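There are 2 protein chains.
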Amino acid sequence: MPAIKATPSTRDRILDAALDLFVEEGFSGTTISEVERRVGLAAGTGSFYRHFSSKEALLRAAVEREVATRMAEIEHDRASLALPDDPRKQFSTIAEQTLRDLRRFDRLLRLMLTEGDRVPEIQDAMMTALPGWGAGSWADRPSTVVTIAALIGYHISDLVGGGVFKDVTQAAFIEALTALTHGTTQS
Amino acid sequence: MPAIKATPSTRDRILDAALDLFVEEGFSGTTISEVERRVGLAAGTGSFYRHFSSKEALLRAAVEREVATRMAEIEHDRASLALPDDPRKQFSTIAEQTLRDLRRFDRLLRLMLTEGDRVPEIQDAMMTALPGWGAGSWADRPSTVVTIAALIGYHISDLVGGGVFKDVTQAAFIEALTALTHGTTQS
DNA sequence: GTCTATAGGAAGATAGAC
DNA sequence: GTCTATCTTCCTATAGAC
Chain A
39 MPAIKATPST
49 RDRILDAALD
59 LFVEEGFSGT
69 TISEVERRVG
79 LAAGTGSFYR
89 HFSSKEALLR
99 AAVEREVATR
109 MAEIEHDRAS
119 LALPDDPRKQ
129 FSTIAEQTLR
139 DLRRFDRLLR
149 LMLTEGDRVP
159 EIQDAMMTAL
169 PGWGAGSWAD
179 RPSTVVTIAA
189 LIGYHISDLV
199 GGGVFKDVTQ
209 AAFIEALTAL
219 THGTTQS
Chain B
39 MPAIKATPST
49 RDRILDAALD
59 LFVEEGFSGT
69 TISEVERRVG
79 LAAGTGSFYR
89 HFSSKEALLR
99 AAVEREVATR
109 MAEIEHDRAS
119 LALPDDPRKQ
129 FSTIAEQTLR
139 DLRRFDRLLR
149 LMLTEGDRVP
159 EIQDAMMTAL
169 PGWGAGSWAD
179 RPSTVVTIAA
189 LIGYHISDLV
199 GGGVFKDVTQ
209 AAFIEALTAL
219 THGTTQS
């Protein structure tokens, strides 16, 4: 099983280009011609339709593949994540992992915001992916909700561009969050 | 100066309808015909063009008016906001106000995400509006950044629909946030 | 300021040759 | 599996009568 195919099929290259375009230009703003152009097919010829039955079918397939890819990555990350014993270090490790997870879902999050009506499956998929957050480590702690909200908020802000937290590094943010949830006096 | 005009001009009703549509369907997904239909003009006749020179001009005008409206609302709210003396109560009052502010910027936030390239002024406008957050009360406190991030995260999640915090009421969230930043032991 | 009519183009999609 | 050609529909935008 080759981890990376040297020559992705045209179908896969269409899915790549399409997801990029849907995220950047939105569904309506994306044209089949532009998709064809990006994968090296002659634009406006409808060669695309040998691979997908319609533009809507393309969106659903692109989302489906992206969900599968990102969830696999996240599960792999979690399996190989070593949790330190020290509670503070454990907390910041999980926080970092959560930010990584969020970044992986960026494009889907954006699609969820812009095309959520068109592909409700995105929302379902993300909701099934996210409950895994901090399971066993954070769950049932009173500060869990605030912590997750803070990580989402921090992440979203720099996704939005410019951002309120432009000058706050990830390390500094996690440090502040750790101090707040685990006491600031402890070394 | 009438606070609410009984009969808004056609121009204003176009701006209302247009903003709704741009937020819901995106710029490309919005048609002039649909705008005309919503304001009671015959669809597809181009009557719209007696009021605006192009679809792009309409977007800019709609954004401009929305920014002005929301910022005025926020300034008005702030001016009439009575801050309690008790630090905990003061904190939760400001937190509630911040959530209100965020809600007011929802539609602009969405447009910023989807049409940011087309109207870069949105980002500038929001960045000038937001530094006012918690000024004088929160600024320079170590937990400020985390607090704002948490409020943004909480808000975004229910904006996205479904949401991770569906079962967490605003009051409960602010309570948890207050406990975390002001100590849980104090009554 | 609204309608009729329409120009002019681009979009999604299909049929058929190669 | 890709291109030529084309159908049909929809869209932005304009000209001109009322």
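Chains as they are written, first to last, in this note's numbering: chain A, 39 to 225; chain B, 39 to 225.
Note that the Cβ used here is the ideal one computed from N, Cα and C, for glycine as well.
All values derive from a computational prediction rather than experimental measurement.
Residue burial is scored here from C-beta neighbours: B:D115 has fewer than 16 other C-beta atoms within 10 angstroms and is therefore classed as exposed. Distance from the CA of A:I132 to the CA of A:I160, rounded to the nearest whole angstrom, comes to 24 Å. In the DSSP annotation of this structure, the continuous segment of the alpha helix (DSSP H) that includes B:K127 starts and ends at 125–142.
Collapsing the DSSP output to three states places A:G191 in a helix.
Taking a contact as a CB-CB distance under 8 Å, the pair A:T69 and B:G64 does not count as one, their CB atoms being some 14 Å apart. Chain-ordered, the chain A residues with CB closer than 7 Å to the CB of B:Y192 read A187. Distances from the CA of A:S92 to each of A:I112, A:E134, A:S71, A:D155 were compared; the closest alpha carbon is that of A:S71.
Residue contact check for B:M109 against chain A: no CB pair falls below 8 Å. DSSP places B:R156 outside both helix and strand once states are collapsed to three, so it counts as coil. Contact of A:R148 with chain B is assigned, a C-beta pair being separated by under 8 Å.
Interface annotation for the stretch 123–142 of chain B against chain A: empty, criterion Cβ-Cβ distance under 9 Å. Bounds of the alpha helix (DSSP H) holding A:V101 are 93–117.
Taking A:R145 as the centre and dropping the five residues before and after it, the same chain places the C-beta of L57, V61, E104 closer than 8 Å to its C-beta, in chain order.
Listed in chain order, the positions of the stretch 71–96 of chain B with a beta carbon within less than 9 Å of a beta carbon of chain A would be empty, since no residue qualifies. When the Cα atoms are used, B:K204 and B:A187 turn out to be separated by approximately 18 Å.
Residues E74 of the same chain have their beta carbon placed closer than 8 Å to that of A:A80, with the five preceding and five following residues left out of the count. Membership of A:T216 in the alpha helix (DSSP H) is indicated by the continuous run 208–220.
For B:R88, there is no enclosing alpha helix (DSSP H), as DSSP marks it with neither H nor E.
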